[in-house]
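Participant:
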Amino acid sequence: MDRVGQRGARTDRYGCRARRSTEGRGIVTNLPPVLAEIREDFLSLEHPERLQLLLEFADDLPEMPARLADHPELQERVVECQSPVYIVLEVNDGIVTMHATAPPEAPTTRGFASILAQGISGLEVEEMLAIPDDFPQTIGLTQAVSPLRIAGMTGMLLRAKRQVRAIVAANEH
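The opening position of the sequence shown corresponds to residue 254 in the numbering used here, with each subsequent residue numbered one higher.
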């Protein structure tokens, strides 16, 4: 017998390209263009590069405006996050702005806060509220960071939506 191994197996793995993860490749609807672009940026990378991109987002977290930073009572603690993360949502003329703080020693959490702040700010209320609750699970980081960190980002998103709903309801009265 001059062949070893499975019948038809090829050592060059003909037809196989470099394997890319299919994590997060499901159909996502109601995703605003900015968040869709962020999602695609993550999904186009291999896992180690995804974590690097998250750390780049951490460096880009916008500062909390002084008018809000000086008033911690206006900030909501995101208890789902292991690190002390605070968010404030504003709605002006139907446009949402998200502000967040996260400590520099928690770069993945800062990255998640930055993704949401950049992706949500500038959206109309309806667009923001239509963001799928599972958006954090769709950006391809579930294998790169712990489930607790993904849960923290989900908590940020859900609290942001709740704040916007409360603002809209208060303005209707």
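Note that the Cβ used here is the ideal one computed from N, Cα and C, for glycine as well.
(1) Taking the C-alpha atoms as reference points, what is the distance between L308 and S374?
(2) To the nearest whole angstrom, what separates the beta carbons of G372 and P285, a pair I think is in contact under 8 Å?
(3) How big is the Cα-Cα spacing for V287 and E380?
(4) Below 8 Å on the Cβ atoms is my contact criterion, and I expect L376 with K414 to pass it. Report the Cβ-Cβ distance as a whole number of Å.
(5) Taking only three categories from DSSP, how would you classify M406?
(6) Among residues of its own chain, excluding the 5 on either side of V332, which ones have a beta-carbon nearer than 6 Å to its beta-carbon?
(7) Do the segment 311-326 and the segment 288-303 make contact, defined as three or more Cβ pairs closer than 8 Å?
(8) Which value, in whole angstroms, describes the spacing of the CA atoms of P400 and V341?
(9) Roughly how many whole angstroms lie between the Cα atoms of R303 and V398?
(10) Taking only the alpha-carbon atoms, compute the straight-line gap between P337 and P356 and give it to the nearest angstrom.
(11) Counting only runs that start and end within the segment 343-384, where is the alpha helix (DSSP H) found for 4 or more residues in a row?
(12) E329 bridges to which residues according to DSSP?
(13) DSSP on A413, reduced to helix/strand/coil?
(14) On the three-state DSSP scale, how would you describe A419?
(15) Can you give the beta carbon distance from T391 to R292, rounded, assuming they're within the 8 Å contact cut?
Facilitator: Let me lay it out:
(1) By one-based count along the sequence shown, residue 308 stands at place 55. By one-based count along the sequence shown, residue 374 stands at place 121. Distance between the alpha carbons of L308 and S374 is about 20 Å.
(2) By 1-based counting over the sequence shown, the position of residue 372 is 119. By 1-based counting over the sequence shown, the position of residue 285 is 32. Their Cβ separation, rounded to whole angstroms, is 7 Å, which keeps G372 and P285 in contact under 8 Å.
(3) Counting from 1 along the sequence shown, the entry for residue 287 is found at position 34. Counting from 1 along the sequence shown, the entry for residue 380 is found at position 127. Spanning the two alpha carbons is a distance of roughly 11 Å.
(4) Position 123 of the sequence shown, counting from 1, holds the residue named residue 376. Position 161 of the sequence shown, counting from 1, holds the residue named residue 414. At roughly 11 Å, the Cβ-Cβ gap does not stay under 8 Å, so L376 and K414 are not in contact.
(5) Residue 406 sits at position 153 when you count from the first residue of the sequence shown. DSSP places M406 in helix when its eight states are reduced to three.
(6) In the sequence shown, counting from the first residue as 1, residue 332 sits at position 79. Nothing listed; no residue qualifies.
(7) no
(8) Looking up residue 400 in the sequence shown gives position 147. Looking up residue 341 in the sequence shown gives position 88. If I take the Cα positions, the gap works out to 24 Å.
(9) To locate residue 303, count along the sequence shown from 1; it is residue 50. To locate residue 398, count along the sequence shown from 1; it is residue 145. Distance between the alpha carbons of R303 and V398 is about 10 Å.
(10) The sequence position of residue 337 within the sequence shown is 84, counting from 1. The sequence position of residue 356 within the sequence shown is 103, counting from 1. Answer to the nearest angstrom: the Cα atoms are 7 Å apart.
(11) 360-373 and 378-382
(12) What you label residue 329 is simply residue 76 of the sequence shown in a count that begins at 1. The partner list for E329 (beta bridge, DSSP) reads I340.
(13) Residue numbering aside, residue 413 sits at position 160 when the sequence shown is read from its first letter. Note: A413 maps to helix in three-state DSSP.
(14) As a first step, residue 419 must be located in the sequence shown, where it is residue number 166. Of the three classes helix, strand and coil, the one that applies to A419 here is helix, per DSSP.
(15) As a first step, residue 391 must be located in the sequence shown, where it is residue number 138. As a first step, residue 292 must be located in the sequence shown, where it is residue number 39. Confirmed, Cβ separation roughly 6 Å.
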